[in-house]
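By the count of the numbering used here, the sequence shown reaches residue 604 at its end, each step adding exactly one. Glycine included, C-beta positions come from ideal geometry on N, C-alpha and C. Input: a single structure, listed below in structure tokens.
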Amino acid sequence: MHSAMFAQREDFALAHRIIAYEDMHEGVGNHLSLMTSDDSGAMFVTPGHKYFADIQSDDVLLMDREGAVVASTATPNQAAWCLHKPIHDARRDARCVIHLHALHATALMMREGGMLDTRGSQAAAMFHQHVAYYDSYDGVLRENEEGEAMARVLGERSVLVLRNHGFIVVGPSLDIALELAYYFERACRLQLLAQGSGERLNQIPEDMVAEICKEERLYLGRYLPGLRAYFQSRGL
């Protein structure tokens, strides 16, 4: 494995530990994928049934374009392949796909008709016209066809809400996808906290939201390097 792919795998493993640190995980559930830098069609995938806070680079699966494990002795998560592969195929710009059951995002989307109010906060404004909603709940993923249906609903957006389930974030790189996942969960948390007050909420003016979204997305990519330095300084 050449140096660029080794660094990718290191950061991919770190992303799992960051997700656990931020309490966006669900124990040994949830999964990430990242296309390798060599453009072979292979991708790094979350090892099945391992606690996110314990995932190291040697644990990470490397799977080829047919779904065969070519590096690692870990067990793959069947649902991960059924969800991630169709999205990668449909969105060649989506080099990284993250699926989480983060607490606040999932709780908000359990509400009938629940949606992220992109005028509610600066964090939420980042997702203005970037969220799609998959309202069909069919249980645990078993077939690629459902992943293909999710990819169609996602379209060109960066977030797909899975009603009663969680959400999917896609990005052109691991650092951007991870940061989007962090801010989406945070925006949902802020909305739940504000709505829980029972007070009428102030909103960002409609004509400002698109501009805020554009501006905030210019600075994506700083979160992972910052957390990497933090983790390294503490030997995490």
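| Item | Value |
| --- | --- |
| Does the region 411 to 429 come close enough to the region 486 to 499 that 3 or more CB-CB pairs lie under 8 Å? | no |
| Give the DSSP-derived three-state secondary structure of residue 371 in the structure shown. | helix |
| From residue 583 to residue 490, what distance separates their C-alpha atoms? | 11 Å |
| Tell me, which residues are paired with residue 467 by DSSP? | 399 and 536 |
| With distances taken between CB atoms, is the gap from residue 534 to residue 548 smaller than 8 Å? | no |
| By a C-beta neighbour count over all protein chains shown, 10 Å radius and 16 as the cutoff for buried, is residue 595 buried or exposed? | buried |
| Checking the sheet assignment: what are the DSSP bridge partners for residue 584? | For residue 584, which the question treats as bridged, DSSP gives no partner whatsoever. |
| Taking buried to mean at least 16 other C-beta atoms within 10 Å of its own C-beta, is residue 600 buried or exposed? | exposed |
| So, at 8 Å on beta carbons, what are the nonlocal neighbours of residue 380 in its own chain, with the 5 sequence-adjacent residues on each side left out? | 400, 402, 412, 425, 428 and 542 |
| Roughly how many angstroms separate the alpha carbons of residue 505 and residue 511, rounded to a whole number? | 14 Å |
| Does the contact criterion of 3 or more C-beta pairs under 8 Å hold for the region 429 to 445 versus the region 475 to 494? | no |
| Applying the criterion that 16 or more other CB atoms from any shown protein chain within 10 Å of the CB defines a buried residue, is residue 518 buried or exposed? | buried |
| Helix, strand or coil, according to DSSP, for residue 430 in the structure here? | strand |
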